[in-house]
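Numbering (our numbering), first residue to last: 48 to 530. Just so you know, even glycine gets a beta-carbon here, dropped at the ideal spot from N, CA and C. What follows is a set of notes on a single structure, which appears directly below.
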Ligand code: GLN
């Protein structure tokens, strides 16, 4: 029985009926890891023994006290801290750093009787779109190992897609949960900014970062949100707003709801949008219309600047957030230096990879005196305009629908040496972070010359996370009846 490939809610049903135990699930997932990890490289660290021990301990929890994630092995992106274990962020510079505390999402996961299975691979400090910029080597796409799984939550996506985890935590600053979800045929959800605590998420770009989920289906994402979401006094950006319960998101008549969906014309005019992706997308739009959803063309005129604005804001914030890795407080320190300055310089030169250095340089430049106004402040003003575009669009539509990515997954190595081409993979995802709104990627099927996955993205106004789940669940059941 392939337990590792079943959604959380099905496993829980079987746990309730005592057909299986948490240890059965953990063992099955560990077998999948054993069989595929050499190819996929989805994990930086697997907590096999700890996970087994925890699964056995959980058997003592009385049935009526079981939490929402009881017995479910969940993988954690290695930029989220788990007490007593290393956190590397996929970087050399953190080698040897052990987390002294748990992220709030980990605390809640444990309170709900979930099992932390291990730490997943990622682009260094979550900077990247392909999963190739990790100190620990690239992750590969389970659907075809010659192709990338998308990034930066590459390992989380590959693990869920391959049965190396039942669900996974990721982080999404400009699409890092949604893009790999689209590339691996999994669901990727990023909540409204502030609805999921970031306490214990290593900061990349603080005005954009959100923790998100990679799951087998939309119901699982809603379940994780109920379990892990809600206010956290330890995170100053956390909203005082509980996450909706699954029963509130899916009340008895939810499927009858017919939303008005906005289709941004600018997105479909994007240069570099694969013609086959466009075709699949348009076919889905026609089907949605036939099913009673209203479609409306909308305009997001400033979206053509979204990638530029994102790469200014994100690099500026990153250059400041990454200043703390100086060889004194965390992890790695270079050897053979004459004085403090040289120690800093050597540590940072040897500790960071090329993409992270590129970002620090770009961000430092954008913030430097004389250029601050011209680059950083101007980017902030355009960000405001992008937010306004969305506000205006949401006056006439309930949701916005787009392809998640402009292309099918690239081949390993294809974009690695061309940072601009890499940045353009984020063209449809970065706006949701700039605007702080909830967004999800749902599998659309397979296509292209190599039959690889692609996804559809739905975005809603801030705080309407429940609406995102509703349309996404409706859509996944339409595409895959029986889910
Ligand atoms: N690909 C984008 C970047 O490289 C987004 C990364 C992310 O969301 N963490 O910055």
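Whole-Å CB distance - residue i paired with residue j, under 8 Å assumed
i: residue 263; j: residue 195; result: Actually they do not touch by this definition, with Cβ atoms about 21 Å apart.
i: residue 414; j: residue 274; result: Contact doesn't hold; Cβ gap of about 38 Å is too wide.
i: residue 220; j: residue 173; result: 6 Å
i: residue 125; j: residue 169; result: 6 Å
i: residue 350; j: residue 299; result: Contact flag wrong, Cβ pair sits at about 37 Å.
i: residue 459; j: residue 185; result: 6 Å
i: residue 474; j: residue 356; result: Actually they are not in contact, since the Cβ atoms of residue 474 and residue 356 sit about 12 Å apart, beyond 8 Å.
i: residue 204; j: residue 243; result: Not confirmed; about 18 Å, so no contact.
i: residue 76; j: residue 171; result: Contact doesn't hold; Cβ gap of about 26 Å is too wide.
i: residue 492; j: residue 505; result: Their Cβ separation, rounded to whole angstroms, is 16 Å, which puts residue 492 and residue 505 out of contact at 8 Å.
i: residue 29; j: residue 469; result: Lying outside 48 to 530, the shown extent of the chain, residue 29 is not represented and no answer is given.
i: residue 178; j: residue 197; result: 6 Å
i: residue 140; j: residue 372; result: 5 Å
Extent of the continuous beta strand (DSSP E) run through residue i
i: residue 202; result: Premise fails: residue 202 lies in the alpha helix (DSSP H), 201-209, not in any beta strand (DSSP E).
i: residue 72; result: From DSSP, residue 72 is part of no beta strand (DSSP E) but of the alpha helix (DSSP H) over 69-87.
i: residue 90; result: 90-93
Residue i versus the options, residue with shortest Cα-Cα distance
i: residue 523; options: 489, 505 and 238; result: 489
i: residue 541; options: 511, 298 and 453; result: Limits of the chain in this structure are 48 at one end and 530 at the other, which puts residue 541 out of reach.
i: residue 110; options: 329, 61, 469 and 271; result: 61
i: residue 225; options: 460, 449, 496 and 495; result: 449
i: residue 309; options: 163, 159, 445 and 463; result: 445
i: residue 483; options: 469, 466, 463 and 507; result: 507
i: residue 72; options: 243, 106 and 89; result: 106
i: residue 375; options: 104, 86, 272 and 398; result: 398
i: residue 494; options: 379, 325, 192 and 373; result: 325
i: residue 99; options: 191, 134, 133 and 163; result: 163
i: residue 149; options: 481, 435, 383 and 249; result: 249
i: residue 343; options: 332, 349 and 486; result: 332
i: residue 236; options: 223, 246 and 400; result: 223
i: residue 411; options: 437, 426, 304 and 359; result: 359
i: residue 108; options: 97, 63, 500 and 76; result: 63
i: residue 339; options: 257, 302 and 281; result: 302
i: residue 271; options: 424, 291 and 281; result: 291
i: residue 137; options: 65, 379 and 81; result: 379
i: residue 241; options: 268, 251 and 286; result: 286
i: residue 370; options: 530, 395 and 390; result: 395
i: residue 481; options: 417, 361 and 139; result: 361
i: residue 462; options: 102, 97, 92 and 180; result: 180
i: residue 485; options: 296, 257 and 341; result: 257
i: residue 393; options: 382, 87 and 426; result: 382
i: residue 97; options: 113, 89 and 69; result: 69
i: residue 54; options: 266, 478 and 401; result: 266
i: residue 465; options: 245, 142 and 401; result: 401
i: residue 259; options: 215, 79 and 165; result: 215
i: residue 314; options: 389, 304 and 348; result: 348
i: residue 233; options: 276, 189 and 193; result: 189
i: residue 456; options: 320, 528, 434 and 521; result: 320
i: residue 182; options: 278, 134, 154 and 367; result: 134
i: residue 144; options: 152, 426 and 131; result: 131
i: residue 88; options: 429, 209, 408 and 528; result: 209
i: residue 519; options: 487, 127, 93 and 247; result: 487
Residue i - partner residues in DSSP beta bridges
i: residue 261; result: 215 and 235
i: residue 489; result: 503
i: residue 124; result: 167
i: residue 308; result: 342 and 446
i: residue 194; result: 458
i: residue 471; result: Residue 471 is not bridged to any residue.
i: residue 248; result: 127
i: residue 188; result: 191
i: residue 133; result: 145
i: residue 162; result: 120
i: residue 276; result: Looking at the DSSP assignment, residue 276 forms no beta bridge with any residue, so it has no partner.
i: residue 494; result: 499
Cβ-heavy atom distance, residue i to the ligand NAD, below 8 Å
i: residue 224; result: This structure simply doesn't include the ligand NAD; it includes the ligand GLN instead.
Extent of the continuous alpha helix (DSSP H) run through residue i
i: residue 417; result: Note, residue 417: premise wrong, no alpha helix (DSSP H); not H, not E.
i: residue 322; result: 322-337
i: residue 156; result: 151-158
i: residue 478; result: 477-482
i: residue 521; result: 512-526
i: residue 59; result: 55-63
i: residue 296; result: 293-296
Beta carbon proximity, residue i to chain D, threshold 9 Å
i: residue 223; result: No chain D is present in this structure, which holds just one protein chain.
**Unbroken stretches of the alpha helix (DSSP H), 4 residues or longer, contained in the region 339-425** = For the region 339-425, the full-length alpha helix (DSSP H) segments reaching 4 residues or more read 353-368, 387-398 and 401-414 along the chain.
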